[in-house]
Amino acid sequence: MLVHDTVGTARTTAEADQIRASLRARYDELSAEYEQAVAQSQVLRLVEVGDTAGDDQADSGTKTAERDTAQSLLRTILDRRAQFEHALTRLDEGTYGFCEGCTAPIPVERLEIFPSATSCVGCKQTRERRAA
Numbered sequence: 001m002l003v004h005d006t007v008g009t010a011r012t013t014a015e016a017d018q019i020r021a022s023l024r025a026r027y028d029e030l031s032a033e034y035e036q037a038v039a040q041s042q043v044l045r046l047v048e049v050g051d052t053a054g055d056d057q058a059d060s061g062t063k064t065a066e067r068d069t070a071q072s073l074l075r076t077i078l079d080r081r082a083q084f085e086h087a088l089t090r091l092d093e094g095t096y097g098f099c100e101g102c103t104a105p106i107p108v109e110r111l112e113i114f115p116s117a118t119s120c121v122g123c124k125q126t127r128e129r130r131a132a
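Residue numbering for the sequence shown follows the UniProt record's numbering, starting at 1 and increasing by one per position.
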């Protein structure tokens, strides 16, 4: 279990260590995924630079789309990694598991599914309605 059943209460050191280990493991996975995506992006650029002779508009468009997709993937991984880094910081500060909006405890089920969650379901829904 990633979080203790009593999110609204103080965690034991063992519980905090368990959560920290889980968050750190996911952060490390995302870091490795990012490094792999960077390497693939560099290979794509090298192939693109060396293979431009005879390109027509369709070839150029395909290469641009591939480059945009690779950049989007890198941004997504960095964003997810930053979320886990923020969760680790919140754990160290003692605010992990509490909504940043209303300070209510975030349901354990939500943290189990989305360990880097910073808001309760109600605050998240309100924010999404405002953005729409």
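Yeah, the Cβ is synthetic: ideal placement off N, Cα and C, and Gly gets one too.
According to DSSP, simplified to helix, strand and coil, what is Glu15?
Correct three-state label for Glu15: helix.
Assess, as a yes-or-no matter, whether the segment 111-126 is touched by the segment 74-93 under the definition of 3 or more beta carbon pairs within less than 8 Å.
Output reads yes: the segment 111-126 touches the segment 74-93.
Check the DSSP bridge columns for Phe98 and list the partner residues they point to.
Per DSSP, Pro105.
Does Ala132 get closer than 9 Å to chain B when you measure Cβ to Cβ?
Of the protein chains in the structure, only one exists, and it is not chain B.
What is the rounded straight-line gap between the Cα of Phe98 and the Cα of Glu109?
Taking the straight line from one Cα to the other gives about 13 Å.
Is the Cβ-Cβ distance between residue 135 and Leu30 less than 9 Å?
As shown, the chain starts at 1 and ends at 132. That puts residue 135 outside it, with no answer to give.
Given that a residue counts as buried once 16 or more other Cβ atoms are within 10 Å of its Cβ, and exposed if not, what is Phe84?
Buried, by the Cβ-count rule.
Just the C-alpha distance for Ala32 and Ala25, rounded to the nearest angstrom, thanks.
Cα-Cα distance, rounded: 11 Å.
Just to confirm my understanding: we take Tyr27, look at its own chain, exclude 5 residues before and 5 after, and list those with CB closer than 8 Å. What are they?
Closer than 8 Å at the Cβ level, and outside the excluded window around Tyr27, lie Arg81, Phe84, Glu85 and Leu88.
Just to confirm, is the Cβ distance from Leu74 to Ala37 under 9 Å?
Yes.
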